[in-house]
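Enquirer: I am attaching a structure below and will ask some questions about it afterwards.
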Amino acid sequence: MAKYKDIGGTTVGFRSGSEEYTYPSGFEGSIYYNSGNGQFEFVGLGTGTWSSGGNLNTKRYAAGASGTQTAGAIFGGDADGGSPRYGLHEQYDGSSWTEAADLNQEASYTGGTGTQTAALKFGGYSNARHANAETWNGSSWTEVGDLNTARFGHASVGHTSTSAFAVGGSSAASGSAAIVEQWDGSSWTEIADINSGRAYFGGSGLTTAGLVFGGNPENGYTESWNGSSWTEVADMNTDERYGVGSGTQGTNTDALGFGGGYPTVTVNTESWNGTAWTELNNLATGRRNLTGVGSPTAALAVGGEPPILTATEEWTVSHAIKTVTTS
Amino acid sequence: MAYKYSVKENWGKNANGDSFIRHEDRMQFHIEGFPGNVWVTDDNVYADRWIARHSATVKTKSEAQAIVDSEIDDAQAAYDALSEEEQALQSRPTDITLP
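Here the protein sequences come in this chain order: A and B. Residue 1 is where the first sequence starts when you use the numbering used here, and the numbers rise one by one after that. Residue 1001 is where the second sequence starts when you use the numbering used here, and the numbers rise one by one after that.
Have a look at this one:
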């Protein structure tokens, strides 16, 4: 007679109960015997919350970004509506921001992808919309091939400095563009347009599995890229998402959108699972045109307005250890 | 819902890794920031501990609203002083009514 373990069972682990599980730990959903209290327990689903991070050295909104929550960077942006915009560049180590070498071309509402040590900046506004692109090698910025269409307020998609999309944005005196350009590490090439032209919106994911959402015109429209075309999928729950924040380090089935809104700013945070948006715990401070950094499980919300902020918030997913009860 | 109003500058995160607003704070009580370093929290023991931890200055709702109004007035004046082109790149700060 077959034993249950042979059919579909699993070995129950034995732990002291003092272990910590930082998401993703690899133990999500696992059951174990806690020798510390004599209970069977399991590592429950993570719950994300925002806490305060280190403040920026220079307040700003509409900056570009690259990297992760513990090795992030923001560059460009604006603080007073004056011209030219900032070329300022700051790097985050998980607790504080440090100034690094400035961009060659100042820019607000610029795009960014990559890491803290290998980043790409593209487009933006500085007295006029521009097509300038630059790469960061860990010590300096170098100008590379320009976008074909000058723009600002576009969304960024991509995880690296050698593979990215510049999506939509403001590319004419009025109105919002649907034009998408792909960066292959040396030049920009136009690919399929998004269905709904827009600006000041969020982007996440890869050039093979990307996602864009929110923005102006005011809506929560979401479009998913499968490697060959953009498809409209479910809207965000909060449609007032002008200037929404998002880190690019997600996919088209795993993304996080936070803040935004006009005229009233929102504190809402939403998570995308490939099918629907789910509301999660709120930001402490509502803001739009904030800069998002990182992934759906470890993100930064940086700066933003109004008023113009230095504040950073850190999104971290933690686990609840739950006790198994029987009857 | 009863709220408590306080004022304290957000110092972010210090070298020891301690945060102005910690993850456990967010799990224990509602807190929301507004212009002028005004913080609106639940009126409960956890929020009281947060206020005490930071030596934040407790305000009445009307006092807190006056601080926010002053900040918004200044931000609106700054926006109105911008050129038309600059204004097109931003949005005029709107009045905020505290909960």
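Just so it is clear, CB atoms sit at the ideal spot from N, CA and C, and this is done for glycine as well.
DSSP three-state call for ASN254(A): helix, strand or coil?
Expert: Correcting the residue type first, residue 254(A) is Asp in the shown sequence and not Asn. Three-state DSSP puts ASP254(A) in a strand.
Enquirer: Answer with buried or exposed for MET1027(B), where buried requires no fewer than 16 other C-beta atoms within 10 angstroms of its C-beta.
Expert: The residue in question, MET1027(B), is exposed, as its Cβ has fewer than 16 Cβ neighbours within 10 Å.
Enquirer: Hey, which unbroken runs of the alpha helix (DSSP H) at 4 residues or more fall wholly within the region 92 to 175 of chain A?
Expert: none
Enquirer: Applying the criterion that 16 or more other CB atoms from any shown protein chain within 10 Å of the CB defines a buried residue, is PHE14(A) buried or exposed?
Expert: exposed
Enquirer: Determine the DSSP secondary structure at GLU28(A), reduced to helix, strand or coil.
Expert: If DSSP states are grouped into helix, strand and coil, GLU28(A) belongs with coil.
Enquirer: Chain B beta carbons: is any one of them nearer than 8 angstroms to that of ASN281(A)?
Expert: Output row for ASN281(A): interface = yes.
Enquirer: With 16 other CB atoms within 10 Å as the buried threshold, where does GLU1084(B) fall?
Expert: So GLU1084(B) counts as exposed.
Enquirer: What are the partner residues of ARG1092(B), as DSSP defines its beta bridges?
Expert: Its beta-bridge partners do not exist; DSSP assigns none.
Enquirer: Flag SER228(A) as yes when its Cβ comes closer than 7 angstroms to any non-hydrogen atom of the ligand ATP, and as no otherwise.
Expert: Although the ligand ATP was asked about, the structure shown includes no ligands whatsoever.
Enquirer: Buried or exposed, going by whether 16 or more other CB atoms sit within 10 Å of the CB of ARG1049(B)?
Expert: exposed
Enquirer: Taking GLY303(A) as the reference, which of GLU232(A), GLY46(A) and GLY292(A) has the closest Cα?
Expert: Ranking GLU232(A), GLY46(A) and GLY292(A) by CA distance to the CA of GLY303(A) puts GLY292(A) first.
Enquirer: At the level of alpha carbons, what is the spacing between SER1091(B) and GLY260(A)?
Expert: 12 angstroms
Enquirer: DSSP beta-bridge partners for GLU313(A)?
Expert: SER52(A) and ALA301(A)
Enquirer: Give the range of the beta strand (DSSP E) segment to which ARG15(A) is assigned.
Expert: 13 to 15
Enquirer: In chain order, what residues of the region 1011 to 1022 of chain B put their CB closer than 8 angstroms to some CB of chain A?
Expert: TRP1011, GLY1012, LYS1013, ASN1014, ALA1015, GLY1017, SER1019, PHE1020, ILE1021 and ARG1022
Enquirer: Assuming the contact rule is C-beta atoms closer than 8 angstroms, ASN282(A) and THR238(A) should be a hit. Round their C-beta distance to whole Å, please.
Expert: That pair is no contact at about 11 angstroms.
Enquirer: First and last residue of the alpha helix (DSSP H) that includes LYS59(A)?
Expert: Taken as a continuous stretch (DSSP letters only), LYS59(A) belongs to no alpha helix (DSSP H), as it is neither H nor E.
Enquirer: Strictly under 8 angstroms for the Cβ-Cβ distance: is THR1094(B) near chain A by that measure?
Expert: yes
Enquirer: Looking at ARG60(A) and TYR86(A), is the spacing between their C-beta atoms short of 8 angstroms?
Expert: yes
Enquirer: Among residues of its own chain, excluding the 5 on either side of SER204(A), which ones have a beta-carbon nearer than 6 angstroms to its beta-carbon?
Expert: LEU211, SER246, THR248, GLY250 and ALA255
Enquirer: Can a CB atom of chain A be found closer than 8 angstroms to the CB of ARG1053(B)?
Expert: no
Enquirer: Which same chain residues, not among the five before or five after GLY111(A), have their C-beta less than 6 angstroms away from its C-beta?
Expert: Counting only Cβ-Cβ distances below 6 angstroms, and skipping sequence neighbours, we find GLY64, PHE122, GLY123, HIS154, SER156 and ALA166.
Enquirer: On the CB-based measure, 16 or more other CB atoms within 10 Å of its CB, does MET1001(B) come out buried or exposed?
Expert: exposed
Enquirer: Quick one, are the C-beta atoms of PHE40(A) and SER30(A) less than 8 angstroms apart?
Expert: no
Enquirer: Of all Cβ atoms in chain B, is any one closer than 8 angstroms to the Cβ of SER52(A)?
Expert: yes
Enquirer: Should the region 48 to 58 of chain A be regarded as contacting the region 1005 to 1025 of chain B, the criterion being three or more beta carbon pairs within less than 8 angstroms?
Expert: yes
Enquirer: Tell me whether GLU1063(B) sits in a helix, a strand or coil according to DSSP, three-state version.
Expert: Collapsing the DSSP output to three states places GLU1063(B) in a helix.
Enquirer: Run the CB neighbour count on LYS1004(B), radius 10 Å, all protein chains shown included, and call it buried at 16 or more, exposed below.
Expert: buried
Enquirer: Run through DSSP, which three-state label would TYR1003(B) get?
Expert: TYR1003(B): strand per DSSP, three-state reduction.
Enquirer: Hey, could you find the ends of the alpha helix (DSSP H) GLU1024(B) is sitting in?
Expert: 1023 to 1028
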